[in-house]
Amino acid sequence: MLQRPANTYSGESWANAASAGKLPERLVIVTDAWHPQVNGVVRSIENTNRELAKMGVEVSMVTPERFNSIPCPTYPEIRLSIASYRRIAREIAKHNPSYVHIATEGPLGL
């Protein structure tokens, strides 16, 4: 089961940690917005991943493609994952993350 880390980062403390060279080793980003979608959320996460990699952070993604999904009724290009909390937690735990970032508030992020 996942446990909350002893330390958490806000935007400002993340910037301070980055400048001090003390970023987490492994970060899992959980998002319902990912390829093949083309939108601002996906682009922002791609940019974040690229910049984190430049800083030496190993980034793993947990996205809808790993789970059964259905199209969002009002926006069918977005797939809504159908997975239990335990299944999502197991998927996150596989990466042994230092931290988890919930990037979107869809089914995976809940």
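In this text, residue positions in the sequence shown follow numbering that gives the first Met the number 0: the first is 0, and each later residue adds one.
Just so it is clear, CB atoms sit at the ideal spot from N, CA and C, and this is done for glycine as well.
**CB-CB length for GLN176 against GLU76, believed under 8 Å** = As shown, the chain starts at 0 and ends at 109. That puts residue 176 outside it, with no answer to give.
**Request:** For THR73, count neighbouring Cβ atoms within 10 angstroms of its own Cβ and tell me buried if that reaches 16, exposed if not.
**Result:** exposed
**Request:** Keeping to the same chain, check which residues put their C-beta closer than 6 Å to that of ASN66; ignore five residues upstream and five downstream.
**Result:** Checking the sequence shown, residue 66 turns out to be Phe, not Asn. Hits under 6 Å: SER80, ALA82.
**Request:** Tell me, please, which residues DSSP counts as bridged to TYR74.
**Result:** In the DSSP output, where bridge partners are listed per residue, TYR74 has CYS71.
**Message:** Quick check on LEU26: does DSSP put it in helix, strand or coil?
**Reply:** strand
**Item:** Residue from ASN38, ALA52, PRO70 whose Cα sits closest to the Cα of VAL27
**Value:** ALA52
**Item:** Pick from LEU107, ASN46, GLU24, GLU104 that is closest to VAL56, judged by C-alpha positions
**Value:** GLU24
**CA nearest to the CA of THR30, picked from ASN95, ILE87, ALA92** = Among ASN95, ILE87, ALA92, the Cα nearest to that of THR30 is on ILE87.
**Prompt:** Are ASN48 and VAL61 close, meaning C-beta to C-beta below 7 Å?
**Reply:** no
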